[in-house]
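What follows is one structure encoded as structure tokens, with my remarks underneath.
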Amino acid sequence: MAKKETNNDELIAQIIKGIEEVKGNNIDILDLREIENTVCDYFIICNGTSNTQVNAIVNSVQKSVSKALKDKPWHIEGSENAEWVLMDYVNVVVHVFQRHIREFYDIESLWGDAKITSIETNY
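Each residue of the sequence shown is one higher than the one before, counting from 8 in the numbering used here.
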């Protein structure tokens, strides 16, 4: 049975909605489509203030995407310690960090050629 192809824009919108519902911070979208040999089209990066909030963001994203698009991540990694959780939706990979871990790994600079869109939040 073939998996239904989810529109990247719809998926990204639902992921952002899930992050915002539990007040995830510093949301960035990295567009990797113009970079050769990337594993996906987009990275969405955000951070929470604690392992509890990181897990809340992950759960909120899963709920939002599942409810609106009937889709679920292909793989989730890092929930055990909740310092850096990766959610793989195949074309879109979500990275949810605690702030100090995000600053340490600095993924945005590793993918410096990517077009970065920052999402403004009102909280």
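From the three backbone atoms N, C-alpha and C, an ideal C-beta is built for every residue, glycine too.
Residue i, buried or exposed, once every other Cβ within 10 Å from all chains shown has been counted against 16
i, result
"F54", "Note that residue 54 is Asn in the sequence shown, not Phe. With 16 or more Cβ atoms within 10 Å of its Cβ, N54 is classed as buried."
"L117", "exposed"
Expected contact under 8 Å - CB spacing of residue i and residue j to nearest Å
i, j, result
"I171", "H102", "Outside the displayed span of the chain (8 to 130) sits residue 171, for which this structure offers no information."
Nearest neighbour of residue i, chosen from the options [CA to CA]
i, options, result
"H107", "P80, S67, E90 and Q60", "E90"
"D78", "V97, L93 and K122", "V97"
"I123", "E27, Y49 and E17", "Y49"
"T56", "N66, N32 and V65", "N32"
"N105", "D16, N58 and V99", "Checking the sequence shown, residue 105 turns out to be Gln, not Asn. Ranking the options by Cα distance to Q105, first place goes to N58."
"N88", "W81, V65 and P80", "V65"
"L39", "N15, V29, T128 and N129", "N15"
Beta-carbon gap between residue i and residue j smaller than 8 Å
i, j, result
"E110", "D35", "no"
"G25", "V68", "yes"
"A121", "L18", "no"
"V92", "V61", "yes"
beta-carbon residue i near the ligand COA non-hydrogen atom, thresh 7 Å
i, result
"A63", "No copy of the ligand COA occurs in the structure displayed, which carries no ligand at all."
- Is there contact here, the region 37-49 with the region 60-74, by at least three beta-carbon pairs under 8 Å? no
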